[in-house]
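S.K.:
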Ligand SMILES: Cc1cc2nc3c(=O)[nH]c(=O)nc-3n(C[C@H](O)[C@H](O)[C@H](O)COP(=O)(O)OP(=O)(O)OC[C@H]3O[C@@H](n4cnc5c(N)ncnc54)[C@H](O)[C@@H]3O)c2cc1C
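Numbering (our numbering), first residue to last: 71 to 666.
1) How many whole angstroms separate the CB atoms of residue 467 and residue 515, which I take to be in contact at a CB cut-off of 8 Å?
2) By how many angstroms is the C-alpha of residue 526 removed from the C-alpha of residue 502?
3) Hey, quick one: how far does the beta strand (DSSP E) through residue 459 stretch, first residue to last?
4) Leaving aside the five residues before and after residue 202 along the sequence, list all residues of the same chain whose C-beta is less than 6 Å from its C-beta, in chain order.
5) So residue 99 packs on residue 178, CB below 8 Å; how close in whole Å?
6) Quick one: residues in its chain with C-beta nearer than 8 Å to the C-beta of residue 246, no 5 flanking neighbours on either side, listed in chain order?
7) On the criterion of 16 or more Cβ atoms from any shown chain inside 10 Å, does residue 666 qualify as buried, or is it exposed?
8) Inspect the CB distances between the segment 641-661 and the segment 561-575 and report whether three or more fall short of 8 Å.
9) In whole angstroms, what is the alpha-carbon distance linking residue 601 and residue 479?
10) Residues in the same chain with beta-carbon distance under 6 Å from residue 524, minus the five sequence neighbours each way, listed in chain order, please.
11) Check this for me: beta carbons of residue 469 and residue 517, under 7 Å apart or not?
12) Buried or exposed, going by whether 16 or more other CB atoms sit within 10 Å of the CB of residue 394?
13) Residues in its own chain within less than 7 Å of residue 494 by CB, not counting five upstream and five downstream?
14) Taking the alpha helix (DSSP H) that residue 354 falls in, what are its first and last residues?
15) Which residues in the same chain have their Cβ closer than 8 Å to the Cβ of residue 208, if we skip the five residues on either side of it in sequence?
16) Should the segment 346-360 be called in touch with the segment 453-461, which here means at least 3 C-beta pairs below 8 Å?
17) Which same chain residues end up closer than 6 Å to residue 280 when comparing Cβ atoms and leaving out the 5 residues on each side of it in sequence?
18) Three-state secondary structure (DSSP) at residue 407?
19) Can you grab the Cα-Cα spacing for the pair residue 477 / residue 490, in whole Å?
20) Per DSSP, which residues does residue 239 bridge with? Please list them.
21) Go ahead and label residue 136 buried or exposed: buried means 16 or more other beta carbons lie within 10 angstroms of its beta carbon, across all protein chains shown.
22) Using a Cβ-based criterion (distance less than 6 Å to any ligand heavy atom), does residue 144 qualify as near ligand 3?
23) Cα-Cα, which of 442, 378, 348, 305 is closest to residue 364?
24) With distances taken Cα to Cα, identify the nearest neighbour of residue 269 among 314, 323, 327, 336.
25) Does the distance from the CB of residue 338 to the CB of residue 261 come in under 7 Å?
26) So, is residue 340 buried or exposed, given that buried needs 16 or more other C-beta atoms within 10 angstroms?
27) Residue range of the beta strand (DSSP E) that residue 434 falls in?
28) State the CB to CB distance for the pair residue 180 and residue 432, rounded to an integer number of angstroms; the pair is presumed to be in contact (CB under 8 Å).
29) At what residues does the beta strand (DSSP E) containing residue 346 begin and finish?
30) Please state whether the Cβ-Cβ distance between residue 557 and residue 548 is less than 7 Å.
31) Report the three-state DSSP secondary structure of residue 112 (helix, strand or coil).
32) According to DSSP, which residues form a beta bridge with residue 263?
33) Measure the beta-carbon distance from residue 349 to residue 297 and round it to whole angstroms, keeping in mind my assumption that it falls under 8 Å.
34) Could you tell me whether the Cβ atoms of residue 481 and residue 473 are closer together than 7 Å?
35) Rounding to the nearest angstrom, what Cα-Cα distance links residue 33 and residue 248 in this structure?
Structure below.
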């Protein structure tokens with residue numbers, strides 16, 4: 071099995087042509103983020119992903135992380151890889167310069183994260199969770215806590231975790247029971263958290279846990295949850311490490327995939343209670359977590375993109391080498407590599423077109439968040455924030471669900487060898503399977519998309535999106551039959567989305583369960599539509615460049631052919647989804663729970 075190769079040309083195209091790096095570069099906070107700098111960053115990241123992280127992927131899968139007492143050992147080579155990762159400054163790429171970060175746009179960091187995830191998903195989870203915890207402290211904690219924790223988390227000297235889940239509180243965090251009792255300037259935390267990614271490990275000397283807990287007099291439900299910083303080792307005022315805190319990993323889960331990522335059961339306060347420090351105000355913890363959730367959800371959607379890319383590379387390599395059967399058609403004759411078979415090509419194109427569509431959408435979403443966070447133009451920032459909020463559940467839900475389908479196709483292309491562990495195809499399918507579950511299941515993403523992101527504003531953000539797609543569709547030249555097909559597919563898709571929006575706003579008043587029953591189909595409908603939109607934009611840009619003699623011909627012609635494939639093979643499903651939603655949603659509600 072060959073190692074991962076970062077698709078740099080593809081990433082550059084999306085960053086520069088679709089997600090608008092040049093436009094970001096005009097914002098003063100990103101004045102250093104030129105195309106040249108992005109190129110250099112991508113090239114360096116690719117080396118680490120290809121030469122260090124990718125070779126450890128299988129070792130991580132086979133050895134897994136192991137618990138010994140309350141110490142977790144990561145697999146062979148991981149400590150050295152983490153050291154290299156930190157020393158090369160990768161943990162601080164998009165970090166706030168005030169705390170030692172490099173302040174690059176999320177857009178560039180997204181491409182770099184895609185590489186980490188393709189090369190080694192289990193490894194990439196550690197910096198991903200640290201980023202979430204760092205953001206929570208940076209945005210909501212008191213200054214003294216920011217100064218004490220954020221610089222060391224940005225530098226990667228310490229890692230961070232998100233301790234939300236408890237046995238009775240998964241999707242529904244209102245049921246959190248972990249207790250926090252005030253004691254002087256801090257709190258004593260007691261309780262158990264489950265499924266905590268990198269809750270314990272041997273990569274750094276300290277781990278900063280962000281923990282949701284409830285005060286003794288807190289109101290019931292989501293309004294009574296607070297957020298605490300609970301370091302593994304207490305931190306003295308001068309930043310040096312103090313005593314071991316009363317928090318321990320009591321077991322590691324045995325999982326289908328991501329074996330090297332330690333998924334810990336964490337026990338807080340087996341002794342006197344773990345010392346914790348309140349982030350922001352009491353009882354507002356869940357709201358603080360929500361501000362972080364978009365970034366984390368986007369990051370998990372990106373995992374779906376990344377594994378699809380890796381699974382595609384593996385399947386393509388296999389399809390070029392595996393000799394089996396004779397070509398279809400009159401020529402017949404000698405046995406051929408399986409890539410010559412039309413059905414194998416269909417599967418490869420399915421993977422290739424979907425990874426391109428998903429990548430484009432994820433990067434465009436990241437760029438929207440950059441504009442929202444840093445643009446001095448308030449209207450532009452507000453518009454971009456609405457767009458980012460709308461796209462995030464789609465990036466998370468659609469890319470993770472599609473990632474599973476694509477990793478499965480990757481296995482199919484391998485035939486029997488795909489089912490055998492040595493090829494690596496099976497690992498990608500096992501690893502990607504979690505992405506539709508953590509950071510909110512697909513059902514939770516779809517509920518967010520329908521409720522908060524679509525119906526709450528009366529479809530305004532969705533309307534803005536459709537108007538932009540309409541404008542881009544109208545600009546497609548129909549002289550070329552391929553573009554005629556792409557245009558027709560987009561016109562049909564936007565009509566399907568509009569019909570569903572009209573249906574949802576009509577039925578929600580009489581039967582609010584109907585939009586909920588349709589929600590995952592709606593998420594997929596928007597995923598395919600937005601993916602097709604980005605593919606159409608790509609094709610048009612390539613065609614314009616070809617016409618101007620400015621394009622790399624093979625790259626551009628391949629892009630147009632792939633966009634055309636997506637339009638005629640993937641996009642027709644929008645009409646089936648519309649029909650399923652409008653005519654089929656009631657069928658979901660017919661049976662009583664007892665009759666299943
Ligand atoms: C490997 C791994 C790593 C994890 N890492 C972390 C971590 O670092 N930190 C952390 O805090 N947690 C972590 N989790 C927990 C993860 O976020 C939860 O498993 C996830 O949120 C789902 O919760 P649950 O498992 O309790 O499922 P449940 O909430 O019980 O859901 C079960 C099913 O019911 C559906 N469902 C539930 N409620 C609704 C609803 N309102 N509407 C529609 N459908 C609904 C779900 O979609 C799902 O299909 C991790 C989990 C795993 C497996």
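Ideal Cβ placement from N, Cα and C applies to all residues, glycine included.
M.R.: Based on what the coordinates show:
1) Residue mapping note: residue 467 aligns to position 397 of the chain shown, counting from 1. Residue mapping note: residue 515 aligns to position 445 of the chain shown, counting from 1. Residue 467 to residue 515, Cβ: 4 Å. Contact.
2) Mapped onto the chain shown, residue 502 falls at position 432. Mapped onto the chain shown, residue 526 falls at position 456. If you take the alpha carbons of residue 502 and residue 526, they lie about 32 Å apart.
3) By 1-based counting over the chain shown, the position of residue 459 is 389. Taken as a continuous stretch (DSSP letters only), residue 459 belongs to no beta strand (DSSP E), being part of the alpha helix (DSSP H) at 448-483.
4) Here residue 202 refers to the residue found at position 132 when the chain shown is read from its first residue. Within the same chain, residue 202 has close Cβ partners 232, 362, 366.
5) Translated into positions along the chain shown, residue 99 becomes position 29. Translated into positions along the chain shown, residue 178 becomes position 108. Between residue 178 and residue 99 the Cβ distance is about 13 Å, and since that is not below 8 Å, they are no contact.
6) For the purposes of this step, residue 246 is identified with residue 176 of the chain shown, where counting begins at 1. Cβ neighbours of residue 246 beyond the five flanking positions: 234, 236, 239, 282, 283, 284, 295.
7) Along the chain shown, read from residue 1 onward, the residue named residue 666 stands at position 596. It counts as exposed.
8) yes
9) Translated into the one-based positions of the chain shown, residue 601 becomes position 531. Translated into the one-based positions of the chain shown, residue 479 becomes position 409. Cα-Cα distance, rounded: 19 Å.
10) The residue labelled residue 524 in the question sits at position 454 within the chain shown. Within the same chain, residue 524 has close Cβ partners 532.
11) Your numbering for residue 469 matches position 399 in the chain shown. Your numbering for residue 517 matches position 447 in the chain shown. No, the Cβ-Cβ distance between residue 469 and residue 517 is not below 7 Å.
12) Residue mapping note: residue 394 aligns to position 324 of the chain shown, counting from 1. When all chains shown are included, residue 394 counts as exposed.
13) Mapped onto the chain shown, residue 494 falls at position 424. Correct list, in chain order: 71, 128, 384.
14) Position 284 of the chain shown, counted from the start, is the residue given in the question as residue 354. From DSSP, residue 354 is part of no alpha helix (DSSP H); its letter is neither H nor E.
15) Along the chain shown, read from residue 1 onward, the residue named residue 208 stands at position 138. Excluding residues within five positions, the ones whose Cβ falls inside 8 Å are 166, 169, 216, 220.
16) no
17) As a position in the chain shown, residue 280 is number 210, starting the count at 1. Contacts found: 203, 206, 232.
18) On the chain shown, residue 407 is found 337 positions in, with the first residue counted as 1. Looking at residue 407 - three-state DSSP - the assignment turns out to be strand.
19) As a working note, residue 477 is residue 407 in the chain shown. As a working note, residue 490 is residue 420 in the chain shown. Spanning the two alpha carbons is a distance of roughly 14 Å.
20) Stepping through the chain shown from its first residue, residue 239 is reached at position 169. Answer by DSSP bridge pairing, in chain order: 236.
21) Here residue 136 refers to the residue found at position 66 when the chain shown is read from its first residue. Counting Cβ neighbours within 10 Å, residue 136 comes out exposed, since fewer than 16 surround it.
22) Summarising the ligand content, the structure contains ligand 1 and does not contain ligand 3.
23) Walking along the chain shown from the start, residue 364 turns up at place 294. It is 442 whose Cα lies nearest to the Cα of residue 364.
24) Here residue 269 corresponds to residue number 199 of the chain shown, with the count starting at 1. Answer by Cα proximity: 336.
25) Along the chain shown, read from residue 1 onward, the residue named residue 338 stands at position 268. Along the chain shown, read from residue 1 onward, the residue named residue 261 stands at position 191. Against a cut-off of 7 Å, the Cβ pair of residue 261 and residue 338 comes out as a contact.
26) Taking the chain shown and counting its residues from 1, the one referred to as residue 340 is at position 270. With fewer than 16 other Cβ atoms within 10 Å, it is exposed.
27) Stepping through the chain shown from its first residue, residue 434 is reached at position 364. Careful: residue 434 lies outside any beta strand (DSSP E), inside the alpha helix (DSSP H) at 412-444.
28) Position 110 of the chain shown holds residue 180. Position 362 of the chain shown holds residue 432. About 6 Å separates the two Cβ atoms, so the contact holds.
29) Translated into positions along the chain shown, residue 346 becomes position 276. Residue 346 -> beta strand (DSSP E) spans 344-348.
30) Counting from 1 along the chain shown, the entry for residue 557 is found at position 487. Counting from 1 along the chain shown, the entry for residue 548 is found at position 478. Yes, Cβ-Cβ distance for residue 557 and residue 548 is below 7 Å.
31) To locate residue 112, count along the chain shown from 1; it is residue 42. Correct three-state label for residue 112: helix.
32) For the purposes of this step, residue 263 is taken as residue 193 along the chain shown, with counting starting at 1. Per DSSP, the beta bridge partners of residue 263 are 336.
33) If you number the chain shown from 1, residue 349 lands on position 279. If you number the chain shown from 1, residue 297 lands on position 227. With 8 Å as the limit, residue 349 and residue 297 qualify as a contact, their Cβ atoms being about 4 Å apart.
34) Against the chain shown, residue 481 aligns to sequence position 411. Against the chain shown, residue 473 aligns to sequence position 403. Not a contact, by the Cβ cut-off of 7 Å.
35) This structure cannot settle anything about residue 33, because the visible part of the chain is limited to 71 through 666.
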